[in-house]
Amino acid sequence: MQEVKRVSVREIVAERKSKKKLFGLFKLSRGKSVWENIIAVGLFACSVFSVLVTLGIIITLFSETINFFSRPEVNLWDFLTGTNWSPLSSSPGPENFGVRPLIRGTLMIAFISGAIALPIGLGSAIYLSEYASEKARKVLKPALEVLAGIPTVVYGYFAISFITPLLQRVLEDGLGINVSFFNALSASVVVGVMIIPMVASISEDAMRAVPRSLREGAYALGATKFEVATKVVVPAALSGIIAAFILAISRAIGETMAVTIAAGATPRMTLNPLESVQTMTSFIVQVSFGDAPSGSINGQAIYAVGATLFVITFLMNIISDIVLRRFREVYE
Amino acid sequence: MTASVETNGDFKENLGFRQKLGRFFNVLLLICTLVGLVVLTALLVDVALEGGSWIRPQLFTNYHSRFPEKAGMKSGIVGSLILIGLTGLFSFPIGVGAAIYLEEYAPKNWLTNFINININNLSGVPSIVYGMLGLTVFGRMFGLFEPDSWLVKAFNIPVAAGMQGGWQFDLFGIPGLAIQLPFGRSLVAGAMTMTLLILPVVIIASREAIRAVPPSIREAAYGLGATRWQTVSTQVLPVAVPGILTGMILALSRAVGETAPLLIMGAFTYVPFLPESVWDQFTTMPIQIYNWITLPQEDYRIHLAAAGIIVLLAVLLSLNTIAVYLRNKFQVKW
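Just so you know, the sequences run in chain order A and B.
Mind the numbering: the first sequence is residues 1 to 332 in the numbering used here, read in order.
Mind the numbering: the second sequence is residues 333 to 666 in the numbering used here, read in order.
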């Protein structure tokens, strides 16, 4: 007599479960064709690719950075605290590799461009979200977003062909203040303009997410439109607005071409925006443009500077993400 | 709620002043909004005035020259076009694949969450960092194919020294399927760098297009017994494709304007020939423009650069027009 293999329902379920657990990520199960599973794995691989990109960035930047710091000519402490950045000198030593002038230049441009873009961007956002008619909004918003689509090299050109001569005419000819051709202010102005759309569009999204009922409640209490906008809508959307600010500043810090073209390549510890400075990004461009061989000290220095830049912008992006998640006011 | 309307004795109605303040604020906000537009107009007018008369046939038919009157950006235009073609080719499958996984397949767990956060963060990484990534991973491949690397010694790989060196062979021995390792300063290396740069944008845009397809469509397909992939490939994707393509073109137009990553990766500023294969050196429009801006003569720095910018902006405008056309023509309203 043939032996009948008895399988309880429970066993079948258990078997399926174990199979699912094995590949919990893809929802694989029996009854599906192999093709289905191959596709699921392939699609999963595509999305994991983005994680590999991040890993690639970290490995690339930090492995070369470690090589850089293991050279006798440099050390980490002088790199972080030194105030002299002159890596192109003939016999560079630790005193030539202080990154602070580059950070100072970067932060100065980020700060001034922020001072321009944050109020203007926030004002535009309030206008578009609270004041503009639907018709005006449909014209103004895309027009503002064109600013974000213009290549950064074009902004660099605009800085040296229009903004710098304008500054020179107003400040130098008018007030007698010396303005060098490459200066941080001109770069800051164009970077500021460049990040206006970013501030405006993220803040506006946050403000439009504030429910109508909140505004109506305030109006019912007798508030004017100005009061509703500044005392109800802006505070309610504050997490989104701050996130927009942080992202915009982080974008200004990472901005490369406009700054390289307009701000020059003179690393110095200055607070005068009318002098030429050098940012972290423009140092990287300067060295790459000059074709430093891969094993040379400058070829490695760009990775150390790049890693510094990456860490700063990465932290800012994380903070903005946390602000957005943690402090968001949730309405129904 | 964060709003506070004071109701104690200090509150003065003073409606006239408050209304006036409101009107003042209204004007102030309008000015804020117009600042951006005024600058945009100034930029366009400035470029048009400086470069308009330099838009001449030589700009499109000549290479860079020592004489501004003869200089053109032929290799830049061709380089940019091939580069975005390749970038589209590389980034489309990966970006759309990732978007399909995240929208249609991904379970709600820590890994999916992590991938999401990761993609958001990638979109905030400065473009210059991608240039350094591309230089190291694609351009030099960590120096693995240099004559003295452990890999070359271990496997006895026949590498050539020098700039255009490395390991050259035909894939699977098929002539024509040439491969060059490392990728060096080739179009392939540039396109791969650009792919990494625009990938987050492509993924985010494709996800939005896929999400816009209503769940009822999927449920109907499942109800008829379709598998997940059948549902996605026959129902969701055909409807989402216009949206995906729109996002793709917008992402590529960002790639067209990027300068820094390619500069870092080692794209040349002076390329007096057209690329014959994807392994050739290249230059792009923004790099050509940057090169002109850095030259001391005013004809290059101001006029020729402006002419180049006009061509670049024209390309961007046409790409955006195509994207808007696609969206309006094929968009399905539910």
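Even glycine gets a Cβ: it sits at the ideal position worked out from N, Cα and C.
Remember, it's a predicted structure, so these values are computed and weren't measured experimentally.
Contact list for F314/A against chain B, beta-carbon separation under 9 Å: Those within 9 Å of F314/A in chain B are N453, G456, V457.
Range of the contiguous beta strand (DSSP E) that encloses I511/B: From DSSP, the beta strand (DSSP E) with I511/B extends over 510-513.
Delimiting residues of the beta strand (DSSP E) encompassing D378/B: Element bounds for D378/B: not the beta strand (DSSP E) but the alpha helix (DSSP H), 347-383.
Neighbour-count burial assignment, V34/A, 16 or more Cβ in a 10 Å radius: So V34/A ends up on the exposed side.
Beta-carbon proximity of F614/B to L519/B, cut-off 7 Å: Yes, the pair counts as a contact, with Cβ atoms nearer than the cut-off.
Chain A contacts from the segment 557-580 of chain B (Cβ-Cβ distance under 8 Å): Residues T559, R560, W561.
Cβ pair count under 8 Å reaching 3, the segment 272-292 of chain A against the segment 356-365 of chain B: Segments in contact, no.
Beta-carbon gap between Y622/B and T653/B smaller than 7 Å: T653/B is positioned such that its CB atom lies no closer than 7 Å to that of Y622/B.
Exposed unless 16 or more other CB atoms sit within 10 angstroms - verdict on Y602/B: Per the 10 Å Cβ criterion, exposed.
Whole-angstrom distance between M316/A and S91/A, CA atom to CA atom: Each residue's alpha carbon lies about 36 Å from the other.
beta-carbon W561/B near the ligand PLP non-hydrogen atom, thresh 6 Å: What this structure holds is no ligand at all, so the ligand PLP is not there to describe.
Contact under 7 Å by Cβ, I596/B with G463/B: Here I596/B is near G463/B, since their CB atoms are less than 7 Å apart.
Span of the alpha helix (DSSP H) around Q620/B: Bounds of the alpha helix (DSSP H) holding Q620/B are 617-626.
Minimum Cβ-Cβ distance from F357/B to chain A less than 7 Å: It does: the Cβ of F357/B has a partner Cβ on chain A nearer than 7 Å.
Chain B contact residues for D321/A, given Cβ-Cβ distances below 8 Å: The answer, in chain order, is I449, N452, N453.
The beta strand (DSSP E) enclosing D480/B, as first and last residue numbers: Taken as a continuous stretch (DSSP letters only), D480/B belongs to no beta strand (DSSP E), as it is neither H nor E.
Reduced DSSP secondary structure (H/G/I, E/B, other) of A187/A: Here A187/A sits in helix by DSSP.
Contact under 7 Å by Cβ, L122/A with S203/A: Using a Cβ distance threshold of 7 Å, L122/A and S203/A count as a contacting pair.
Positions along the segment 371-384 of chain B whose CB lies within less than 8 Å of some CB in chain A: Cβ contacts with chain A come from V371, L372, A374, L375, D378, V379, E382.
K225/A at chain B interface by Cβ criterion, 7 Å: It does: the Cβ of K225/A has a partner Cβ on chain B nearer than 7 Å.
Per-residue contacts from Y622/B into chain A (C-beta, under 8 Å): Simply V153, G156, M257, I261.
Short Cβ contact (7 Å threshold) for F422/B with F470/B: No; because the gap between Cβ atoms is not below 7 Å, this pair is not in contact.
G498/B, DSSP secondary structure in three states: Three-state result, G498/B: strand.
Sequence-distant residues of its chain with Cβ nearer than 7 Å to L25/A (five each side left out): Residue placement at L25/A cannot be trusted, given a pLDDT of 49 that sits under 50; what the coordinates show is reported in the next sentence. Around L25/A: F44.
Q351/B burial status per 10 Å Cβ neighbour count (16 or more: buried): Q351/B is exposed by the Cβ-count criterion.
Residues that T591/B contacts on chain A, provided the C-beta gap is smaller than 8 Å: Within chain A, the C-beta atoms nearer than 8 Å to that of T591/B come from P151, T152, V153, T256, M257, in chain order.
4 or more residues per run - each alpha helix (DSSP H) lying fully within the segment 564-649 of chain B: Annotation note: the segment 564-649 of chain B contains the following uninterrupted alpha helix (DSSP H) runs of length 4 or greater, listed N- to C-terminal: 569-589, 592-597, 617-626.
Within-7 Å CB hit, G429/B to chain A: Using beta-carbon distances, G429/B counts as an interface residue toward chain A, with a partner under 7 Å.
Proximal chain B residues relative to T281/A, where beta-carbon distance stays under 8 Å: Correct list: P458, I460, A592.
Amino acids of chain B, ordered along the chain, whose beta-carbon sits closer than 8 Å to that of Y219/A: Ordered by position in chain B, no residue passes the 8 Å Cβ test against Y219/A, which lies about 11 Å from the chain.
Proximal chain A residues relative to L648/B, where beta-carbon distance stays under 9 Å: Residues of chain A passing the Cβ test: G149, I150, P151.
Test: G368/B CB closer than 7 Å to a CB of chain A: Yes - at least one Cβ of chain A is within 7 Å of the one on G368/B.
Coarse secondary structure for S47/A, derived from DSSP in three states: Helix.
Cβ contact check for the segment 441-458 of chain B and the segment 532-550 of chain B: 3 or more pairs under 8 Å: Using a C-beta cut-off of 8 Å, the segment 441-458 of chain B makes contact with the segment 532-550 of chain B, since at least three inter-stretch Cβ pairs fall below that distance.
V367/B beta carbon less than 7 Å from that of I58/A: At the C-beta level, I58/A and V367/B stay beyond 7 Å of one another.
Reference N75/A, options E95/A, N37/A, V189/A, closest by Cα: Comparing alpha carbon positions, the residue from E95/A, N37/A, V189/A closest to N75/A is E95/A.
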